[in-house]
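Enquirer: The following block contains the structure, expressed as structure tokens.
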Amino acid sequence: MSGYKELRLDPRYTKPQPTDAAFLAGELKTDKPELADVRRHLDAKEEEQARNAFLKRFEDGSIRRYYYGVHDVPSLMETARNAYGDSADAKETIREADLIAAGSIPTLKGRLISFKNGEYRWNDWFYDSSQYQLQLVRFAYTKSLSRAYALTGDEKYAECFDRMMSHFIDDNPAPLGDAFRVQHNTWEPLSVGVRMFQLPEAFITFFASPSFRPETKMKLIKSFAEHARYVRKYHADHGNHACMQLRGLITIALLLPELKEAEEWLAYGLRELPAYIRQNVYPDGAQFEGSPNYHIVVMRDLYELVTLLRAVGMDEKEYTPVLERMYELLHHLMAPDISLPKFGDTGDSSESDLRDIMSLGAYLFERPDYKHAGKPSLPYSLLWRLGPGAIERYERIPSAPSERTAACFPVGGYLISRESWERDAMYLAMRAGIGIAGHAHSDALSVIVYTGGKELIADSGIGLFEWNKERKHIVSTRAHNTVVVDGQDQHVRSMHWSTPPSASCKIWDFRPSDRFDYQFASHFGYTRYEDPVIHSRKTLFIKNRCCVIVDLFEAKERHRYEQLFHLPRGEAIYVPEARQIRTNARDANVLIAYAETAQQPNDAPISPDLLADELGLTTGLLFEKGDYHRSPVATRTLVSAGRTELAAVILPYRGAEAPRIAVRRLPVMRNGCELAPHEATGLLIEGEGWRDAVCLYHDHIAVDAYLDHTGNPVEASLLPAPAGIDAFEFAGGTHTDDVIVKSYEHG
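Mind the numbering: the sequence shown is residues 259 to 1005 in our numbering, read in order.
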């Protein structure tokens, strides 16, 4: 099958760039007084002089086109060398730029794509995924070239950029029409949109370099115009792609206001982008794809646009409220090791990049808590967005951790609890929201747990985007720390990207306190069954201690429930007699202790309702550092009919020695009768020197009221109020609360 790679030089499908004279005469506003010199040279058939007259406009500083102008570059270079020359960021920038200049391009997962003698292959398939080719032609890495140039003044970086751009533009002419817009190639519309905001930094920074030839500058300007025209016509109508493409369109319109179409591009982009932002970002600040990674993708469009509009003197206030809400979510969501929890399509993240993002938030909103999550001094990357004057202003912002250690984002569906803001603190996050489109996984009610700066209850990660067996597993319910019912996913994907929203969810309660945080949510993906099943999860985050996980199932008939907790790579140990599974690493570990069912299995069926209850270790798949790895999975399988409860205690601990812990059920009594576990969970958790008596009462909220007779969610105002709780006896006391934690310290 032929595609862009084979047909890119065929005049039936693509077209070469116009000559400089044709471009300047046809696409510039040459009737404007400020372009009189260009017009005069064109009339005299002096093509080179006309080009040079136009290029000279970029150096005179009369128009604010970008975060900084060509005339600002010497000052930026001086500041880069004096303020950042010895920094780790600067050294890493130069290291990466040296690789690029030598022909080795850093792409995804730390892998390099190497070319000899400038023989770039822009349309080849690299390694095992099309993602590498897409990253290659989106040119985010060109920032390393321009920033290394600022630090060193070495012309090899400008020469590399010139050579790369000239080759790319000649080798990849713009399509005629939309024949290639849905393929993974250099002219699929998302890559086109991304290039429009990735390349201008190097274009401006290198502009005055003698190694950046005038003919290459004009090639790139003509290419920017082709890009803008293509995106204006073929941009996406949904999701993060539209945000990136329109942001790129706005960037080029501001960069090249002399173009006849620039005014319309700018007006269109500014008019249309807010609606796509509202589509992407829920009122609580969460991006709608159920992926922290794509939350940052859309957030980046906003913070880059806000700083650009400020730089060129335009009003950005339409975007700042939603941007601050997105920052608030990101701040709470970040794991203690300064990474993104891997819900949905989220992979390994860079601590330095996340700190840079939080530093920008501190600067934009003067937030001490954001600076605490950021860097002590203005990051080098922000010099190129905020200018030298931002260094002193950033220093004046105080730094302090947030007073809030728990947060709930009820529309996006993130619930987060942490012991403190220290790096080794205990942390729990639960996913309980609808994910839109293909970057969402089937991960409703999945949890992630950290202690000692290490992910101990682990998400399987992002994987590669090829629709193969590994990718199908990574997006499945089985790849997450939740419960699989009857072997099926919570929601059924129709295709890889074009897929229905993930399972409907409802957060019923989120209750932070000094001693513990309580989370309670349900999902309704399994109500599609002939005998509908509603899965609810309650988590009790007992600070500096443990996490209690209680899964509840509303059903009438028999079902098979598999409760899964994915563990880090390495050894795991199953202790059957104690009903415990633990990891066995040197630094930080986790122990999972399972509460017994009301009746334990033997050779015969336990009862008509409980048919099987098995614990064990199975093998899962984690995607880390660019590869798939086998990992242990703690699995409890229960076959039961009717309403069902599963309870587990997750005890994270530092060091290699496993603590002693025992979990047993405590009776919950009402009117002299013991309540069943699906009515109220009573547990006694005993550790070394402490014990907690925990009770979670279940029967006061009718989770099945969330769906009406058509199977759709009802309005919140129509939901029945929680029922009153009749007094019950637990742990020597009488209670009417649905959450009870009684802690005892002993020698």
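Beta carbons: idealized from backbone N, C-alpha and C, even for Gly. In this text, all values refer to a predicted model and were calculated from it rather than measured experimentally.
By DSSP's criteria, T893 is part of a beta bridge. Which residues make up the other side?
Expert: Beta-bridge pairing links T893 to L822 and G874.
Enquirer: For a test of the three-state rule: what should DSSP assign to L686, helix, strand or coil?
Expert: It is a strand residue.
Enquirer: Could you give the DSSP three-state label for A486: helix, strand or coil?
Expert: Residue state, collapsed to three classes: helix.
Enquirer: For the region 891-903 against the region 799-807, are there 3 or more C-beta pairs whose distance is under 8 Å?
Expert: No, they do not touch.
Enquirer: Pick out the complete beta strand (DSSP E) segments inside the region 785-814, 3 residues or longer, and give them in chain order.
Expert: The qualifying runs are 792-800 and 804-812.
Enquirer: For S404 versus A359, is the C-beta spacing smaller than 8 Å?
Expert: No; because the gap between Cβ atoms is not below 8 Å, this pair is not in contact.
Enquirer: According to DSSP, is M557 helix, strand or coil?
Expert: Of the three classes helix, strand and coil, the one that applies to M557 here is helix, per DSSP.
Enquirer: Within its chain, find whatever has a CB closer than 8 Å to the CB of K883; leave out the 5 residues flanking it on each side and keep chain order.
Expert: Counting only Cβ-Cβ distances below 8 Å, and skipping sequence neighbours, we find K367, G368 and D606.
Enquirer: Comparing alpha-carbon positions, which option in V450, L673 and S635 lies nearest G653?
Expert: Residue identity check: residue 653 is Glu in the sequence provided, not Gly. Cα-wise, what sits closest to E653 is S635.
Enquirer: Between which two residues does the beta strand (DSSP E) holding R676 run?
Expert: That run of the beta strand (DSSP E) goes Y672 to R676.
Enquirer: Excluding the five sequence neighbours on either side, which residues of its own chain have a C-beta within less than 7 Å of the C-beta of S387, listed in chain order?
Expert: Excluding residues within five positions, the ones whose Cβ falls inside 7 Å are L722, F723 and E724.
Enquirer: With DSSP as the reference, identify every bridge partner of C666, one or two as the case may be.
Expert: DSSP output for C666 lists L673 as bridge partner(s).
Enquirer: Specify, as a first and last residue, the run of the beta strand (DSSP E) that H993 falls within.
Expert: That run of the beta strand (DSSP E) goes G991 to H993.
Enquirer: Do Y672 and L588 come within 8 Å of each other at the CB atom, strictly closer than that value?
Expert: Taking 8 Å as the Cβ cut-off, L588 and Y672 do not qualify as a contacting pair.
Enquirer: In angstroms, rounded to a whole number, what distance separates the CA positions of P291 and G527?
Expert: Going from the Cα of P291 to the Cα of G527 covers about 27 Å.
Enquirer: Contact defined as beta carbons within less than 8 Å: I believe Y638 pairs with Y342. What is the distance between those atoms, to the nearest angstrom?
Expert: Confirmed, about 5 Å.
Enquirer: Would DSSP call S362 helix, strand or coil?
Expert: Strand, per DSSP.
Enquirer: In this structure, what does DSSP give as the bridge partners for Q307?
Expert: None; Q307 has no bridge partner.
Enquirer: Over what stretch of residues does the alpha helix (DSSP H) that includes K401 continue unbroken?
Expert: Start and end: T400 to T410.
Enquirer: Identify the residues that DSSP records as bridge partners of M422: which are they?
Expert: In DSSP, M422 forms no bridge with anything.
Enquirer: Could you work out which residue in S345, L394 and T337 is closest to S362 when comparing CA atoms only?
Expert: Residue L394 is the option with its Cα nearest to S362.
Enquirer: From which residue to which residue does the alpha helix (DSSP H) around D278 run?
Expert: Run containing D278: D278 to E285, per the alpha helix (DSSP H) assignment.
Enquirer: Below 7 Å, is the gap between the Cβ of D772 and the nearest heavy atom of the ligand GDP?
Expert: No copy of the ligand GDP occurs in the structure displayed, which carries no ligand at all.
Enquirer: Quick test of your reading: A695 and W642, contact by CB under 8 Å. State the CB separation rounded to the nearest angstrom.
Expert: Actually they do not touch by this definition, with Cβ atoms about 32 Å apart.
Enquirer: Tell me whether L434 is buried or exposed, calling it buried when 16 or more other Cβ atoms sit within 10 Å of its Cβ.
Expert: Exposed.
Enquirer: Nearest by alpha-carbon distance to L644: which of Y911, G619 and R689 is it?
Expert: Nearest of Y911, G619 and R689 to L644, Cα basis: G619.
Enquirer: Find out if the Cβ-Cβ distance for the pair S481, D420 is shorter than 8 Å.
Expert: Against a cut-off of 8 Å, the Cβ pair of D420 and S481 comes out as no contact.
Enquirer: From H699, V999, S345 and I321, pick the residue whose C-alpha is nearest to that of S610; which is it?
Expert: Checked all of H699, V999, S345 and I321; the closest Cα to S610 is S345.
Enquirer: Which stretch, first to last residue, makes up the alpha helix (DSSP H) that contains Y652?
Expert: Taken as a continuous stretch (DSSP letters only), the alpha helix (DSSP H) holding Y652 covers A648 to R654.
Enquirer: Measure the CB-CB distance between A906 and Q838 and report whether it falls below 8 Å.
Expert: Cβ atoms of A906 and Q838: not closer than 8 Å.
Enquirer: With which residues is R923 paired in a DSSP beta bridge?
Expert: R923 pairs with L941.
Enquirer: Name the DSSP beta bridge partners of E987, please?
Expert: DSSP lists M927 and T992 as partners of E987.
Enquirer: Return helix, strand or coil for A544, following the three-state DSSP convention.
Expert: Reduced to three states, the DSSP call for A544 is coil.
Enquirer: Nearest by alpha-carbon distance to Y534: which of K518, E562, L504 and L566 is it?
Expert: That would be L504, whose Cα lies nearest to the Cα of Y534.
Enquirer: By a C-beta neighbour count over all protein chains shown, 10 Å radius and 16 as the cutoff for buried, is S762 buried or exposed?
Expert: Label assigned to S762: buried.
Enquirer: Compare the beta carbon distance of V961 and S794 with 8 Å and say whether it is the shorter of the two.
Expert: Against a cut-off of 8 Å, the Cβ pair of S794 and V961 comes out as a contact.
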